[in-house]
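**Student:**
2 protein chains.
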Amino acid sequence: MAASAAPGEFRSGPLVLRDAALFTDLYELTMAAAFFREGMREPATFSLFARRLPATRAFVVAAGLEDALEYARAFRFTPDALAWLRSLGRFEPAFLEYLGALRFTGEIRAVAEGTVVFPDEPLLEVTAPLIEAQLLETALLNICHLQSVLASKAARVVVAAQGRSVAEFGLRRSHGTDAGLKAARCAWMAGFDSTSDVLAGRTWGMPVSGTMAHSFVTSFGDELEAFRSYARAFPDAATLLIDSYDTIAGARKAALVAKELAAAGRSLAGVRLDSGDLPALSGQVRRILDQAGFPQVRIVVSGGLDEHDIEAFLAAGAPIDVFGVGTRYNVSADAPSLDLVYKLVAHGDRDVLKLSEGKETWVGRKAIYRLRDDEGKHAGDILALAEESPPERAGGSLLAPVMRGGELLRVHPPLADVRRHCLSEIAALPEGLRRLRGHTEYPLRISAALRVRQEAAVARVDSG
Amino acid sequence: MAASAAPGEFRSGPLVLRDAALFTDLYELTMAAAFFREGMREPATFSLFARRLPATRAFVVAAGLEDALEYARAFRFTPDALAWLRSLGRFEPAFLEYLGALRFTGEIRAVAEGTVVFPDEPLLEVTAPLIEAQLLETALLNICHLQSVLASKAARVVVAAQGRSVAEFGLRRSHGTDAGLKAARCAWMAGFDSTSDVLAGRTWGMPVSGTMAHSFVTSFGDELEAFRSYARAFPDAATLLIDSYDTIAGARKAALVAKELAAAGRSLAGVRLDSGDLPALSGQVRRILDQAGFPQVRIVVSGGLDEHDIEAFLAAGAPIDVFGVGTRYNVSADAPSLDLVYKLVAHGDRDVLKLSEGKETWVGRKAIYRLRDDEGKHAGDILALAEESPPERAGGSLLAPVMRGGELLRVHPPLADVRRHCLSEIAALPEGLRRLRGHTEYPLRISAALRVRQEAAVARVDSG
Numbered sequence: 149m150a151a152s153a154a155p156g157e158f159r160s161g162p163l164v165l166r167d168a169a170l171f172t173d174l175y176e177l178t179m180a181a182a183f184f185r186e187g188m189r190e191p192a193t194f195s196l197f198a199r200r201l202p203a204t205r206a207f208v209v210a211a212g213l214e215d216a217l218e219y220a221r222a223f224r225f226t227p228d229a230l231a232w233l234r235s236l237g238r239f240e241p242a243f244l245e246y247l248g249a250l251r252f253t254g255e256i257r258a259v260a261e262g263t264v265v266f267p268d269e270p271l272l273e274v275t276a277p278l279i280e281a282q283l284l285e286t287a288l289l290n291i292c293h294l295q296s297v298l299a300s301k302a303a304r305v306v307v308a309a310q311g312r313s314v315a316e317f318g319l320r321r322s323h324g325t326d327a328g329l330k331a332a333r334c335a336w337m338a339g340f341d342s343t344s345d346v347l348a349g350r351t352w353g354m355p356v357s358g359t360m361a362h363s364f365v366t367s368f369g370d371e372l373e374a375f376r377s378y379a380r381a382f383p384d385a386a387t388l389l390i391d392s393y394d395t396i397a398g399a400r401k402a403a404l405v406a407k408e409l410a411a412a413g414r415s416l417a418g419v420r421l422d423s424g425d426l427p428a429l430s431g432q433v434r435r436i437l438d439q440a441g442f443p444q445v446r447i448v449v450s451g452g453l454d455e456h457d458i459e460a461f462l463a464a465g466a467p468i469d470v471f472g473v474g475t476r477y478n479v480s481a482d483a484p485s486l487d488l489v490y491k492l493v494a495h496g497d498r499d500v501l502k503l504s505e506g507k508e509t510w511v512g513r514k515a516i517y518r519l520r521d522d523e524g525k526h527a528g529d530i531l532a533l534a535e536e537s538p539p540e541r542a543g544g545s546l547l548a549p550v551m552r553g554g555e556l557l558r559v560h561p562p563l564a565d566v567r568r569h570c571l572s573e574i575a576a577l578p579e580g581l582r583r584l585r586g587h588t589e590y591p592l593r594i595s596a597a598l599r600v601r602q603e604a605a606v607a608r609v610d611s612g
Numbered sequence: 149m150a151a152s153a154a155p156g157e158f159r160s161g162p163l164v165l166r167d168a169a170l171f172t173d174l175y176e177l178t179m180a181a182a183f184f185r186e187g188m189r190e191p192a193t194f195s196l197f198a199r200r201l202p203a204t205r206a207f208v209v210a211a212g213l214e215d216a217l218e219y220a221r222a223f224r225f226t227p228d229a230l231a232w233l234r235s236l237g238r239f240e241p242a243f244l245e246y247l248g249a250l251r252f253t254g255e256i257r258a259v260a261e262g263t264v265v266f267p268d269e270p271l272l273e274v275t276a277p278l279i280e281a282q283l284l285e286t287a288l289l290n291i292c293h294l295q296s297v298l299a300s301k302a303a304r305v306v307v308a309a310q311g312r313s314v315a316e317f318g319l320r321r322s323h324g325t326d327a328g329l330k331a332a333r334c335a336w337m338a339g340f341d342s343t344s345d346v347l348a349g350r351t352w353g354m355p356v357s358g359t360m361a362h363s364f365v366t367s368f369g370d371e372l373e374a375f376r377s378y379a380r381a382f383p384d385a386a387t388l389l390i391d392s393y394d395t396i397a398g399a400r401k402a403a404l405v406a407k408e409l410a411a412a413g414r415s416l417a418g419v420r421l422d423s424g425d426l427p428a429l430s431g432q433v434r435r436i437l438d439q440a441g442f443p444q445v446r447i448v449v450s451g452g453l454d455e456h457d458i459e460a461f462l463a464a465g466a467p468i469d470v471f472g473v474g475t476r477y478n479v480s481a482d483a484p485s486l487d488l489v490y491k492l493v494a495h496g497d498r499d500v501l502k503l504s505e506g507k508e509t510w511v512g513r514k515a516i517y518r519l520r521d522d523e524g525k526h527a528g529d530i531l532a533l534a535e536e537s538p539p540e541r542a543g544g545s546l547l548a549p550v551m552r553g554g555e556l557l558r559v560h561p562p563l564a565d566v567r568r569h570c571l572s573e574i575a576a577l578p579e580g581l582r583r584l585r586g587h588t589e590y591p592l593r594i595s596a597a598l599r600v601r602q603e604a605a606v607a608r609v610d611s612g
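What follows is the structure in structure tokens.
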């Protein structure tokens, strides 16, 4: 697993992207060519942040930062990539030669992965010579967007489950290999208990879990024989899928297998329901198992569930031990994208903004200060300029340097630590922000100094 | 680019997934262990098909088949993978030894990539010893699901554009690296004209295109200076983004740059509008350009567009030449998942089905016959058993063998050929199925023989 990366390769766990510098929009390269031609080499700062959020998102869990840094570190154009760019006939030889020697030499300041952020608050800021910072845009967005979409959705599922166990098993409907692996990673980061994804389990050391498929039952034809066979193979770890034909009959057969296991000193782990009226059926199945003397056999439910189903099932008092969550988490079905953008906010010694309708941006290199109430909960943030001194009662800025001169300033924290941080972040959310629907707004204040700088920049544009 | 794959690697263009056999749900492995323990080695057939479709999907464009075959071909457990599985303490040594020698030795029959299919019609069927066929489930679904979701969405965008040019540029919000590359591939397959994704362009030989970002304009501060600089760098290929501050003022500056280029014997390629009332603004911008003598300068619009916007803009007579489509295509925002499943339909000499509520499956190895009307349009399909003889007037089955004994039966067709096939498939759709909303149902008939076999299998379950 530890083979080192070849030039130009971006590695993320078991996934390797070759010639990753070409994983970009063409316009990043054409803009870079124009900057090069004009001799524009001044440092620039870009902010990566969410503009507005969908109605069902009260916050964003910032994720993908480890990969973003690895991408910046691996960034280079290989001779193959340059030869192909040359073949397009659009780029001057001097520019291609320049690209061949280009490395990312800049600074990245970022919030810690797993931190909760709000609209207009940067997940990260890149300060580097204009071309370097510009050329990272597409990949940094792709990386941070995917993982922040997933971690933000996962946090909602975990909040809804109120401490019940949640297992991620939507690998088959994640958008490809990268998204599948990251869905497991982000689920665990935000508080899921396990994933079905074996490769993700190996990569990030998270617990793997699974039950059985309908095909297992139907391949035997006889349901009881299928259950017995699985119990023989995994005598203390079998979770039986009981809805292939009739859930109640399936539950009775599961109870019988539990008895047979008990007679041999072993125990059935659980049963899974994947269709029908799950709250009602789970109650009936619970009674069947309890009456047979197996209150410890766990009930797992699944089947297109999302956080709203989980909330409703628990509100109905359904005796469910584990929620298996797949597709609707894995594609973040209600909000498959977030309006995450990467905007130029400073260039040379000049503040920069755009004024397109509904798309205004805050100028300058920034800091985020977070206030806490007496219980340690998030009480409001202040978006400020990086050079301001911190307001009273606020700790340091959430945006901290993580890369300088193109070099990492620290090793990446283990995912278990990121998970702990993320869980404390979610726990510190005010109640109104934990609502699945109709959440309250989080108070974000703009510092007086930032406001002054913003107004000056707007005035320059208006008179320009 | 041509380095050969190491054992256990699944390659898809520039993306390499190591230990790809572990890219699976844990239960595939635990079920396989139980099958192994029971000595179940009979051949089995699994069908990969869509159950029901979301309201806005009248059809599925089958895609991902090339990658699916490559996955099956590359399938093997490396010593590293086996060592990790051993460390879980759940699997017997004999089973792990068996996995170490396992290769896919079966048959895959599939529809040609780019073919339009309907609910219950298999995109592919796998016939192989039970364990081999079972272990491919998760990956084959992940691969075919992503690309079929994308190609199906792309087809709707292309239908809506009625022959106007469409450019894909949503790489930044695709779900990760794999999805980003595949979004470009599937867009082109279904009739988009270009992609912004440089790496996808190199990988699949498709046209790449791009304009400029707001940051380009704002980095100059002065909009006209930004336009002039870009025109200097790309004197015949510049598309200027004119909405950073005020679209109408931006259009006048673009017209000025077009004049300056014309004086030097060059020409401005286009302008892009990314915000505001696009149909109205495109009309005003068109008039400004026309009055300045530049009717050939193309108008590109973008900004969260989907097929419904495109349909509405064209219905309003907006003079738009190119639609730039991003996020809402790239994540298939209205239907980010399809209910694509992989179901056991035969095991040994026995038909297999499940009866879970709303999830019944058709038994047996199947064929799909497609009828055509006098104009060559799709007039209805027949789902039949593979061993039936084709109905009159129908050609051969759409499901044809593509892999046998684990070996490819032919080289993959070039993507340009897949695209041609896909475009002819979309063109052959009845008008009612091309509607973006309120589409008609496509007639699918079940053959008499399949119906008889299905009823016999249901009767066996009911009496079992």
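Those sequence lines, one after another, are chains A and B. Read in order, the letters of the first sequence are residues 149 to 612 in this note's numbering. Read in order, the letters of the second sequence are residues 149 to 612 in this note's numbering. All C-beta atoms, glycine included, are put in the ideal place defined by N, C-alpha and C.
Could you check what DSSP says for B/M551 in three-state terms: helix, strand or coil?
**Tutor:** B/M551: strand per DSSP, three-state reduction.
**Student:** For the beta strand (DSSP E) containing A/F364, list its first residue and its last residue.
**Tutor:** No beta strand (DSSP E) contains A/F364, which is instead part of the alpha helix (DSSP H) from H362 to F368.
**Student:** Which bits of chain B does A/M179 rub up against, with CB to CB less than 7 Å?
**Tutor:** M360, A361 and F364
**Student:** Using three-state DSSP, classify B/E316 as helix, strand or coil.
**Tutor:** strand
**Student:** Could you compute how far the alpha carbon of B/A153 sits from the alpha carbon of A/E157?
**Tutor:** 15 Å
**Student:** Taking a Cβ distance cut-off of 9 Å, strictly less, list which residues of the region 210-233 of chain B are near chain A, in chain order.
**Tutor:** D228, A229, W232 and L233
**Student:** So, is the C-beta of A/S357 closer than 8 Å to a C-beta in chain B?
**Tutor:** yes
**Student:** Can you have a look at B/G324 and say buried or exposed, based on whether 16 or more other CB atoms are within 10 angstroms of its CB?
**Tutor:** Around the CB of B/G324, 16 or more other CB atoms lie within 10 Å, so the residue is classed as buried.
**Student:** Using CA coordinates, which residue listed in B/P162, B/A597, B/V566 and B/D341 is at the minimum distance from A/F171?
**Tutor:** B/P162
**Student:** Consult DSSP for A/Y490 and reduce its assignment to one of helix, strand or coil.
**Tutor:** strand
**Student:** Please determine, among A/A260, A/I574 and A/F243, the residue with the shortest C-alpha to C-alpha distance to A/G524.
**Tutor:** A/I574
**Student:** Name the DSSP beta bridge partners of A/T275, please?
**Tutor:** A/T193 and A/E255
**Student:** Going straight from the alpha carbon of A/L571 to that of A/R312, what length do you get?
**Tutor:** Counting only the Cα atoms, A/R312 lies some 15 Å from A/L571.
**Student:** Just to confirm before moving on: does the CB-CB distance between A/L437 and A/A399 stay below 8 Å?
**Tutor:** yes
**Student:** Which first and last residues belong to the alpha helix (DSSP H) in which B/Y378 is found?
**Tutor:** Taken as a continuous stretch (DSSP letters only), the alpha helix (DSSP H) holding B/Y378 covers E371 to A381.
**Student:** Output needed for A/L533: all residues of its chain with C-beta closer than 8 Å, excluding positions within five of it in sequence on either side, in chain order.
**Tutor:** G512, R513, K514, A515, S595, A597, L598 and R601
**Student:** Do you know offhand how far A/P191's Cα is from A/R498's?
**Tutor:** 10 Å
**Student:** Buried or exposed: where does B/Y547 fall if 16 or more other Cβ atoms within 10 Å of its Cβ makes it buried?
**Tutor:** According to the sequence shown, residue 547 of chain B is Leu rather than Tyr. By the 10 Å Cβ count, B/L547 comes out buried.
**Student:** How close, in whole Å, do the beta carbons of B/C334 and B/A210 come, if the pair is a contact with beta carbons under 8 Å?
**Tutor:** Not really, about 11 Å apart at Cβ, beyond 8 Å.
**Student:** Apply the 10 Å Cβ neighbour rule to A/L135 and answer buried if 16 or more other Cβ atoms are within range, or exposed otherwise.
**Tutor:** Past the boundaries of the shown model lies residue 135 of chain A; chain A is included only from 149 to 612, so the question cannot be answered.
**Student:** Considering only residues of the same chain and omitting the five flanking positions on each side of A/L283, which have a CB-CB separation below 7 Å?
**Tutor:** T172, E176 and A180
**Student:** Indicate whether B/F442 and B/A385 have their beta-carbon atoms separated by less than 8 Å.
**Tutor:** no
**Student:** At the 8 Å Cβ level, is B/A192 part of the contact set with chain A, yes or no?
**Tutor:** yes
**Student:** In angstroms with no decimal places, state the Cα-to-Cα distance between B/A150 and B/R558.
**Tutor:** For B/A150, the pLDDT reaches just 41, beneath the cut-off of 50, and the residue's location in the model is therefore unreliable, although a value from the coordinates is still provided. Roughly 19 Å between the two C-alpha positions.
**Student:** Relative to chain B, which residues along the region 473-489 of chain A have a C-beta separation below 7 Å, given in chain order?
**Tutor:** T475, V479, A481, P484 and S485
**Student:** Measuring CB to CB, does A/V274 end up less than 8 Å from A/T387?
**Tutor:** Taking 8 Å as the Cβ cut-off, A/V274 and A/T387 do not qualify as a contacting pair.
**Student:** When you check each C-beta in the region 325-336 of chain B against every C-beta of chain A, which residues fall closer than 7 Å?
**Tutor:** T325, D326, A327, G328 and K330
**Student:** Could you tell me the boundaries of the beta strand (DSSP E) in which A/H587 lies?
**Tutor:** Segment: none, A/H587 is in no beta strand (DSSP E) and carries neither H nor E.
**Student:** Comparing alpha-carbon positions, which option in A/R221, A/R567, A/S480 and A/A231 lies nearest A/T263?
**Tutor:** Here the closest residue by C-alpha is A/R567.
**Student:** Between the region 342-352 of chain A and the region 251-260 of chain B, do at least 3 Cβ pairs fall closer than 8 Å?
**Tutor:** no
**Student:** Going by CA-CA distance only, name the one from A/L429, A/F252, A/A402 and A/D391 that's closest to A/F223.
**Tutor:** Closest option to A/F223, Cα to Cα, is A/F252.
**Student:** Counting pairs of Cβ atoms below 8 Å between the region 298-317 of chain A and the region 452-459 of chain A, do you hit three or more?
**Tutor:** The answer is yes - the region 452-459 of chain A touches the region 298-317 of chain A, with three or more Cβ pairs under 8 Å.
**Student:** What runs of the alpha helix (DSSP H), each 4 residues or longer, lie entirely inside the region 161-193 of chain A?
**Tutor:** Those alpha helix (DSSP H) runs which fall completely within the region 161-193 of chain A and span 4+ residues are 174-185.
**Student:** Report yes or no: is there a C-beta of chain B within less than 8 Å of the C-beta of A/P162?
**Tutor:** yes
**Student:** Under 8 Å, Cβ to Cβ, is there at least one residue of chain B near A/L284?
**Tutor:** With 8 Å as the cut-off, A/L284 does not count as an interface residue toward chain B.
**Student:** Work out the CA separation of A/Q439 and B/A242 for me, nearest whole Å.
**Tutor:** 38 Å
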